[in-house]
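Visitor: So for the sequence shown, my numbering puts the first residue at 1092; every next one is plus one.
Once you've had a glance at the structure underneath, I'll fire off some questions.
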Amino acid sequence: MNRVKVVDTYNFNELRDKIFYSNTFGPKKYLFTSWKYNLYIGRKLVKVWTAGNEMLYAEKALFELALSLEHICSNEEWFVVQFSNHIKNRKEDVLACLAICFFHWAGGKQLDLNEMNKSLRKDYFVAKKFIMKLSFSEDVNFAFSVFFNRKAASLQTKIESSLICLFILAEKYNIDLLWYIDRRLEYIENRSNLNKLFSKIVP
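See below:
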């Protein structure tokens, strides 16, 4: 099944807003106030795009400390926090979490993603020919490199290109990415509700 055709006419702006304005994520962000935290985030970004599903477990306490600071952070810092907080080890979770973070980023900047359908059709065969030769970790690395290595491109172009890569990777691994995005949002929402419930029960 060509899943790219399934999303060919999808309203990506609607999904962008659903993610950005959901209770789970919302526009609230966090600040890592010192250069040490910023350096730490940079190192974690490198880890994300070189080892798709290995994140944060060894230094979780440092992240929890940083998250206790309620301020405004850079987009890159927020991106890594959200990705690392919700990542799991399955391919479906990795791709869905990446997509959610990129969609939320687009929501924060109010980027118009509806033209992405045309780019998806145009770039599909070129990208597919390349990624069919890669392992999953290399595929994730490729999706990140599209974003971080295109320094001259606009934020709109970089986010669209990375999302396009994710949808092509989803087809490669026979994953219904839109379905898994919805499931991940439900999972995170339910987990958030449970945490609120437990906080009321446990003093």
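Cβ atoms here follow ideal geometry from the backbone N, Cα and C, with glycine treated the same way.
With 16 as the cutoff for other CB atoms within 10 Å, does F1193 come out buried or exposed?
Guide: For the purposes of this step, residue 1193 is taken as residue 102 along the sequence shown, with counting starting at 1. Looking at its Cβ environment, which holds 16 or more other Cβ atoms inside 10 Å, F1193 is buried.
Visitor: Using beta-carbon positions only, say whether G1198 and D1273 come within less than 9 angstroms of one another.
Guide: Working through the sequence shown from its first residue, we reach residue 1198 at position 107. Working through the sequence shown from its first residue, we reach residue 1273 at position 182. It is not a contact, given that the beta carbons lie outside the stated cut-off.
Visitor: Is it true that the CB of E1206 sits closer than 9 angstroms to the CB of E1262?
Guide: Within the sequence shown, numbered from 1, the residue matching residue 1262 stands at position 171. Within the sequence shown, numbered from 1, the residue matching residue 1206 stands at position 115. In this structure, E1206 does not lie closer than 9 angstroms to E1262 by Cβ.
Visitor: Compare the Cα-Cα distances from N1232 to each of A1187, L1257, S1113 and report the closest residue.
Guide: As a first step, residue 1232 is located in the sequence shown; it is residue number 141 there, counting from the start. Of the candidates A1187, L1257, S1113, the one whose C-alpha sits nearest the C-alpha of N1232 is L1257.
Visitor: Kindly indicate the opening and closing residues of the alpha helix (DSSP H) around K1182.
Guide: The residue given as residue 1182 occupies position 91 in the sequence shown. That run of the alpha helix (DSSP H) goes 1182-1200.
Visitor: Measuring only the C-alpha atoms, how far is N1208 from L1276?
Guide: Indexing the sequence shown from 1 puts residue 1208 at position 117. Indexing the sequence shown from 1 puts residue 1276 at position 185. C-alpha separation (whole angstroms): 23 angstroms.
Visitor: Could you check the C-alpha separation between E1229 and M1223 for me, to the nearest Å?
Guide: As a position in the sequence shown, residue 1229 is number 138, starting the count at 1. As a position in the sequence shown, residue 1223 is number 132, starting the count at 1. Cα to Cα, the separation comes out at about 11 angstroms.
Visitor: Please determine, among E1105, A1187, W1270, the residue with the shortest C-alpha to C-alpha distance to L1254.
Guide: For the purposes of this step, residue 1254 is taken as the residue at position 163 of the sequence shown. Closest option to L1254, Cα to Cα, is A1187.
Visitor: With a threshold of 16 other CB atoms inside 10 Å of the CB of L1106, please say whether the residue is buried or exposed.
Guide: Stepping through the sequence shown from its first residue, residue 1106 is reached at position 15. Label assigned to L1106: buried.
Visitor: What separation, rounded to the nearest whole angstrom, lies between the Cα atoms of E1183 and W1270?
Guide: Counted from its first residue, the sequence shown places residue 1183 at position 92. Counted from its first residue, the sequence shown places residue 1270 at position 179. Their Cα atoms are separated by approximately 10 angstroms.
Visitor: Would L1204 and F1111 be called neighbours here (beta carbons separated by less than 9 angstroms)?
Guide: Taking the first residue of the sequence shown as position 1, residue 1204 is located at position 113. Taking the first residue of the sequence shown as position 1, residue 1111 is located at position 20. No, the pair does not count as a contact, with Cβ atoms beyond the cut-off.
Visitor: Quick one: Cα of R1181 to Cα of L1246, how far?
Guide: Your numbering for residue 1181 matches position 90 in the sequence shown. Your numbering for residue 1246 matches position 155 in the sequence shown. Near 28 angstroms, if we compare the C-alpha coordinates of L1246 and R1181.
Visitor: State the Cα-Cα distance for the pair F1221 and L1260, rounded to the nearest angstrom.
Guide: The residue labelled residue 1221 in the question sits at position 130 within the sequence shown. The residue labelled residue 1260 in the question sits at position 169 within the sequence shown. So the two alpha carbons sit approximately 11 angstroms from each other.
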